[in-house]
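Asker:
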Amino acid sequence: MGAQLRIYRRRMRSVKATKKITKAMELISASRIVKAQQRVAASSPYATELTRAVTAVASFSNTNHPLTTPHSNPKRAAVLIITADRGMAGAYSNAAIKEGDQLSALLRERGLNVEAYLVGRKAVNFYRFRNRAIANSWTGFSDNPTYAHAKEISDSLIGAFLADSDAQSHGVDELHIVYTEFMSMMTQTPAAKRMLPLEVVETQAPSGLLPMYEFEPNPVDVLNALLPRYVEARVFNAMLQSAASEHAARRRAMKSATDNADELIKSLTRLANAARQAEITQEISEIVGGADALASASAGSE
Amino acid sequence: MASNLTVEVVSPEKRVWSGEATMVSARTLEGDLGILPDHAPLLGVLVDGTVSIKSATGEKVDFEIHGGFISVSKNRVSILGESTN
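The listed protein sequences correspond, in order, to chains A and P.
According to my numbering, the residues represented by the first sequence are 1 to 302, in order.
According to my numbering, the residues represented by the second sequence are 303 to 387, in order.
1) I want to know whether the segment 105-123 of chain A touches the segment 277-297 of chain A - three or more CB-CB distances under 8 Å.
2) For A:Thr-203, which residues in the same chain have their Cβ closer than 6 Å to its Cβ, ignoring the five residues on either side in sequence?
3) Using a Cβ cut-off of 8 Å (strictly closer), state whether A:Gln-204 contacts chain P.
4) Can you tell me which of the three DSSP states A:Arg-10 falls into?
5) Measuring straight from C-alpha to C-alpha, what distance separates P:Val-312 and P:Ile-355?
6) How many Å lie between A:Tyr-57 and A:Phe-129 at the Cα?
7) Should A:Arg-234 be flagged as near chain P, meaning a C-beta pair shorter than 8 Å?
8) Output the distance between the C-alpha atoms of A:Ala-135 and P:Ser-305, rounded to the nearest integer angstrom.
9) Which runs of the beta strand (DSSP E) spanning at least 3 residues fall entirely within the segment 193-278 of chain A, listed in chain order?
10) Are the C-beta atoms of A:Asp-221 and some chain P residue less than 8 Å apart?
11) Could you tell me whether the Cβ of A:Leu-226 comes closer than 8 Å to any Cβ of chain P?
12) Using a Cβ-based criterion (distance less than 7 Å to any ligand heavy atom), does P:Ser-320 qualify as near the ligand NAP?
13) Since A:Ala-275 and A:Gln-4 are thought to touch, with beta carbons under 8 Å apart, how far apart are those beta carbons, to the nearest angstrom?
14) Between the segment 169-176 of chain A and the segment 242-261 of chain A, are three or more C-beta pairs nearer than 8 Å?
15) Name the residue from P:Val-309, P:Thr-308, P:Lys-316 and P:Thr-330 whose alpha carbon lies nearest to the alpha carbon of A:Ser-236.
16) In terms of residues, what are the limits of the alpha helix (DSSP H) holding A:Val-124?
17) Relative to the C-alpha of A:Leu-198, which candidate in A:Leu-227, A:Ala-191, A:Ser-184 and A:Phe-215 has its C-alpha closest?
18) Which residues in the same chain have their Cβ closer than 8 Å to the Cβ of A:Ala-243, if we skip the five residues on either side of it in sequence?
19) Tell me the residue span of the beta strand (DSSP E) that contains P:Ala-378.
20) Short of 7 Å Cβ to Cβ, which residues in the segment 328-357 of chain P face chain A?
21) For A:Phe-161 and chain P, any beta-carbon pair shorter than 8 Å?
22) Out of curiosity, what's the CA-to-CA distance linking P:Leu-307 and A:Gly-159?
23) With 16 as the cutoff for other CB atoms within 10 Å, does A:Arg-234 come out buried or exposed?
24) Across the segment 217-225 of chain A and the segment 5-12 of chain A, are there enough close Cβ pairs to call them in contact, namely three or more that are closer than 8 Å?
25) Between P:Ser-373 and chain A, is there a C-beta pair that is closer than 8 Å?
26) Near A:Asn-94, what residues of its chain come up, given a Cβ to Cβ distance below 7 Å and the 5 sequence neighbours on each side ignored?
27) Does A:Ser-43 have its Cβ less than 8 Å from a Cβ in chain P?
28) Could you tell me the alpha carbon to alpha carbon distance between A:Asp-309 and A:Glu-174, rounded to whole angstroms?
29) Would you kindly work out how many angstroms separate the C-alpha atoms of P:Ile-372 and A:Glu-232, rounded to a whole number?
30) In chain P, which residues lie with their C-beta within 7 Å of the C-beta of A:Leu-50?
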């Protein structure tokens with residue numbers, strides 16, 4: 001076998017091995033999207049009920065709760081950015097980080113200092129490499145978040161929010177979240193939302209007037225207990241959507257990698273065939289040439 | 303009097319139980335609370351403990367609720383718990 005042909009065959013082997021890996025990753029992600037989507041759907045009754053309750057308290061009581069009233073002179077804002085732990089998902093993590101950068105720039109224009117709270121190894125590495133300050137970070141569960149993780153993150157955020165921003169260096173006046181919304185299998189878009197002070201976002205607007213509620217024990221206590229839950233549910237929902245988006249982005253990236261490998265194998269096969277054919281042609285012409293030379297040599301000696 | 307309550311018990315991860323019931327009893331910060339059909343709209347903070355539901359079929363279902371709320375409006379009762387079992 002000629003040298004050229006051997007090199008083509010070696011490259012084909014390596015591309016085929018890579019294709020097997022990307023194909024497997026594509027299939028794994030495809031099966032996990034479905035599961036992640038089901039988890040988003042399963043968490044929505046809780047989120048819907050909580051939103052109704054928060055809307056009810058916020059609109060039926062004139063309580064001046066710190067969680068609902070904007071700070072008169074905000075100094076610092078916390079931005080929670082949700083990204084992936086692992087790569088191989090195309091632009092998924094970078095898109096979220098970029099969205100976070102845009103939001104931070106906007107907040108800085110308003111004269112706020114931005115504290116970064118990061119979820120996912122990709123964001124942490126991105127910030128570390130650029131020597132940016134990280135207020136807090138969590139890694140290791142981006143593709144399969146549980147409520148306990150969301151609670152841990154929310155506790156830290158609410159703690160920073162409740163701390164006085166004048167007296168304590170880690171206190172913040174606003175809370176923003178950047179995550180990747182799962183629109184469909186094909187579309188996932190990074191989104192930046194303000195969590196606190198509260199903007200009650202109605203996913204499904206309750207029809208008609210809300211009933212006049214009685215509060216037990218009283219509106220302030222209900223709000224005190226309800227709002228941390230609300231933040232947790234928002235963070236949890238964002239994490240679940242991001243997880244579904246991560247799997248979808250990975251599936252798409254791996255699908256195009258597999259397609260490219262196919263393409264590459266095809267062109268390498270063509271090249272290898274041509275090289276083999278050229279080798280055979282050369283051998284034949286060498287034999288014919290050799291035989292000719294022998295024949296003319298023996299003819300000359302006679 | 304409306305016949306039944308529509309009850310939902312939900313945790314952050316999933317809907318735990320839903321169905322028709324004749325009575326729900328729970329304990330809020332103010333004390334024990336029994337809810338029958340046509341109860342006034344209410345939003346209450348639950349203390350950790352048991353919520354029992356008497357379902358329309360007559361059986362009694364109990365849930366252990368931690369960090370929960372109860373909301374009642376128009377014969378719909380939602381019980382939200384951070385952990386339920």
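Heads up, the beta-carbon is just placed ideally off N, CA and C, and yes, glycines get one too.
Please read these numbers as outputs of a predicted model, since none were measured by experiment.
Answerer: Let me lay it out:
1) Touching, no.
2) In this prediction, A:Thr-203 scores a pLDDT of 44, lower than 50, which makes its location untrustworthy; the coordinate-derived value is nonetheless stated afterwards. The beta carbon of A:Thr-203 lies closer than 6 Å to none in the same chain, with the five residues before and after it left out.
3) Any answer about A:Gln-204 is weak, because its pLDDT of 47 lies below 50 and its placement is not dependable; what the coordinates show is given next. It does not; no Cβ of chain P falls within 8 Å.
4) Helix, per DSSP.
5) Near 14 Å, if we compare the C-alpha coordinates of P:Ile-355 and P:Val-312.
6) Looking at the sequence itself, residue 57 of chain A is Val, so the reference to Tyr does not match. A direct Cα-Cα distance of roughly 44 Å separates A:Val-57 from A:Phe-129.
7) Taking Cβ atoms only, chain P never reaches closer than 8 Å to A:Arg-234, which makes this a no.
8) The alpha-carbon of A:Ala-135 is positioned some 54 Å away from that of P:Ser-305.
9) The segment 193-278 of chain A contains these whole beta strand (DSSP E) runs: 214-216.
10) So yes, A:Asp-221 belongs to the interface.
11) Yes, contact with chain P.
12) The ligand NAP is not part of the structure shown, which contains no ligands of any sort.
13) With 8 Å as the limit, A:Ala-275 and A:Gln-4 qualify as a contact, their Cβ atoms being about 5 Å apart.
14) Result no; under three Cβ-Cβ pairs closer than 8 Å.
15) Here the sequence assigns Phe to residue 236 of chain A, which means Ser is not the residue at that position. Nearest option by C-alpha distance: P:Lys-316.
16) For A:Val-124, the enclosing alpha helix (DSSP H) begins and ends at 121-129.
17) Between A:Leu-198 and the set A:Leu-227, A:Ala-191, A:Ser-184 and A:Phe-215, the nearest pair of CA atoms involves A:Leu-227.
18) For A:Ala-243, where only same-chain residues beyond five positions count, the Cβ hits under 8 Å are Ala-36, Arg-39, Ser-142, Asp-143, Asn-144 and Pro-145.
19) Per the sequence shown, the amino acid found at residue 378 of chain P is Arg instead of Ala. From DSSP, the beta strand (DSSP E) with P:Arg-378 extends over 378-386.
20) Those residues of the segment 328-357 of chain P that come within reach of chain A (Cβ to Cβ, closer than 7 Å) are Thr-330, Leu-331, Glu-332, Ala-342, Pro-343, Leu-344, Leu-345, Gly-346 and Val-347.
21) Under the Cβ criterion of 8 Å, A:Phe-161 is not counted among the residues facing chain P.
22) If I take the Cα positions, the gap works out to 38 Å.
23) Buried, since its Cβ has 16 or more Cβ neighbours within 10 Å.
24) A contact between stretches requires three or more CB pairs, one per stretch, nearer than 8 Å, and the segment 217-225 of chain A fails this requirement with the segment 5-12 of chain A.
25) At a cut-off of 8 Å, the C-beta of P:Ser-373 has a neighbouring C-beta in chain A.
26) Excluding residues up to 5 positions away in sequence, nothing lies with its Cβ nearer than 7 Å to the Cβ of A:Asn-94 in the same chain.
27) Yes, because at least one Cβ of chain P sits closer than 8 Å to the Cβ of A:Ser-43.
28) The structure shown does not extend to residue 309 of chain A, since chain A is modelled only from 1 through 302, so no value can be given for it.
29) Near 17 Å, if we compare the C-alpha coordinates of A:Glu-232 and P:Ile-372.
30) Those within 7 Å of A:Leu-50 in chain P are Leu-382.
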